[in-house]
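Chain order of the listed sequences is A and B.
Throughout, the numbering used here is defined as the position within the first sequence, counted from one, plus 2.
Throughout, the numbering used here is defined as the position within the second sequence, counted from one, plus 1014.
Structure first, commentary second.
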Amino acid sequence: EDQVTQSPEALRLQEGESSSLNCSYTVSGLRGLFWYRQDPGKGPEFLFTLYSAGEEKEKERLKATLTKKESFLHITAPKPEDSATYLCAVQANAGNNRKLIWGLGTSLAVNP
Amino acid sequence: GAGVSQSPSNKVTEKGKDVELRCDPISGHTALYWYRQSLGQGLEFLIYFQGNSAPDKSGLPSDRFSAERTGGSVSTLTIQRTQQEDSAVYLCASSYPWDSQPQHFGDGTRLSIL
């Protein structure tokens, strides 16, 4: 069964303290892995798409990497405004409805 | 440009009533999705529309749930005879039709069943 597991569930960092969030997946053929950010009361906001092992994408203080089993979202020198829930989702090759299979997210709090 | 728009943003109703939730996708996005997000659970796929093709309804939890998309644009999700377990945030997303295109979300409708 296709599955996505994110860890840790929650993470508290001091401003400037770099860390990484993990997304492990099992899927019958990966079409794409997506990272989103979700703020309270808002819908998920798209960050990155990764397609194949070895691929990396960067945006400001965020860098996403992908292997055949997992993806990491590295946060360098975070600021309080990076506080949010980070969601990972995968799209499998099987089936044609392009639905995303979601992890439960990592709730990140960055203290000033 | 304008993002995905959902209305109402909040809906409180009594058990047994019917509700309609509306989604206006990004212009040019022919793919449209409905998801449900409950506290402590991941996003749950409900239904997928792509152009004029028959929708994929495989995620609808019961026959009380239905959705339509008129003119390939606006979509309405209808829940009949609401139950307390239907309380959740209902999210709509749209995307271009090609493989691995990111889905862009509205801010959802928070549905509370009393």
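Idealized CB from N, CA, C, for every residue including glycine.
In this text the structure is predicted, and so the values were computed from the model without any measurement.
Helix, strand or coil: which one does DSSP assign to E1058 of chain B?
Working through the second sequence from its first residue, we reach residue 1058 of chain B at position 44. Here E1058 of chain B sits in strand by DSSP.
Limits of the unbroken beta strand (DSSP E) element including D1038 of chain B:
For the purposes of this step, residue 1038 of chain B is taken as residue 24 along the second sequence, with counting starting at 1. Per DSSP, D1038 of chain B belongs to the beta strand (DSSP E) from 1033 to 1038.
Secondary structure of D4 of chain A, DSSP reduced to three states
Here the question's residue 4 of chain A lines up with position 2 in the first sequence. In the structure shown, the three-state DSSP call for D4 of chain A is coil.
Check whether the Cβ atoms of Q1055 of chain B and T1123 of chain B sit closer than 7 Å, and answer yes or no.
Counting from 1 along the second sequence, the entry for residue 1055 of chain B is found at position 41. Counting from 1 along the second sequence, the entry for residue 1123 of chain B is found at position 109. Contact: no.
6 Å CB neighbourhood of R1095 of chain B in its chain, flanking five on each side removed:
Numbered from 1 along the second sequence, position 81 holds the residue referred to as residue 1095 of chain B. G1030, R1078.
In terms of residues, what are the limits of the beta strand (DSSP E) holding T1096 of chain B?
Walking along the second sequence from the start, residue 1096 of chain B turns up at place 82. Taken as a continuous stretch (DSSP letters only), T1096 of chain B belongs to no beta strand (DSSP E), as it is neither H nor E.
Counting only the same chain and skipping the five closest in sequence on each side, list residues whose C-beta sits under 7 Å from that of Y1104 of chain B.
As a first step, residue 1104 of chain B must be located in the second sequence, where it is residue number 90. Within the same chain, Cβ atoms closer than 7 Å to the Cβ of Y1104 of chain B are found at L1035, W1048, R1050, L1091, G1122, T1123, L1125, the five residues on either side in sequence being excluded.
Taking the beta carbon of G18 of chain A as the centre, do at least 16 other beta carbons fall within 10 Å, making it buried, or is it exposed?
Taking the first sequence and counting its residues from 1, the one referred to as residue 18 of chain A is at position 16. Using a 10 angstroms sphere on the CB of G18 of chain A, the tally of other CB atoms stays under 16, which defines it as exposed.
Bridge partners of W104 of chain A, per DSSP?
Along the first sequence, read from residue 1 onward, the residue named residue 104 of chain A stands at position 102. W104 of chain A is bridged to A:A91.
Rounded to a whole number of angstroms, what is the C-alpha to C-alpha distance between P10 of chain A and D1032 of chain B?
Here residue 10 of chain A corresponds to residue number 8 of the first sequence, with the count starting at 1. Here residue 1032 of chain B corresponds to residue number 18 of the second sequence, with the count starting at 1. Each residue's CA atom was taken as its position, placing P10 of chain A and D1032 of chain B some 39 Å apart.
Buried or exposed for L1057 of chain B, going by 16 or more other Cβ atoms inside 10 Å?
Stepping through the second sequence from its first residue, residue 1057 of chain B is reached at position 43. By the Cβ-count criterion, L1057 of chain B is buried, with 16 or more other Cβ atoms from all chains shown falling within 10 Å of its own Cβ.
Beta-carbon separation (whole angstroms), V92 of chain A vs L15 of chain A, contact threshold 8 Å:
Here residue 92 of chain A refers to the residue found at position 90 of the first sequence. Here residue 15 of chain A refers to the residue found at position 13 of the first sequence. Incorrect: roughly 26 Å between the Cβ atoms, too far for contact.
Can you tell me whether Q40 of chain A is buried or exposed? The criterion is at least 16 other CB atoms within 10 Å of its CB, across all chains shown.
For the purposes of this step, residue 40 of chain A is taken as the residue at position 38 of the first sequence. A buried status is given to Q40 of chain A, since no fewer than 16 other beta-carbon atoms sit within 10 Å of its beta-carbon.
Check whether A1081 of chain B and Q1064 of chain B have beta carbons under 7 Å apart:
Along the second sequence, read from residue 1 onward, the residue named residue 1081 of chain B stands at position 67. Along the second sequence, read from residue 1 onward, the residue named residue 1064 of chain B stands at position 50. Going by C-beta atoms, A1081 of chain B is not nearer than 7 Å to Q1064 of chain B.
Residues, ordered as in the chain, of the region 1107 to 1118 of chain B that lie near chain A by beta-carbon distance below 7 Å
Hits within the stretch, in order: D1113, S1114, P1116, Q1117, H1118.
Suppose you measure from the CA of N95 of chain A to the CA of P114 of chain A; what does that come to, to the nearest Å?
Here residue 95 of chain A refers to the residue found at position 93 of the first sequence. Here residue 114 of chain A refers to the residue found at position 112 of the first sequence. Rounded to the nearest angstrom, the gap between the Cα atoms of N95 of chain A and P114 of chain A is 42 Å.
Closest by C-alpha distance to K1025 of chain B, when choosing among B:D1070, B:P1069, B:S1089, B:S1101
As a working note, residue 1025 of chain B is residue 11 in the second sequence. If we check each option's Cα against that of K1025 of chain B, B:S1101 comes out closest.
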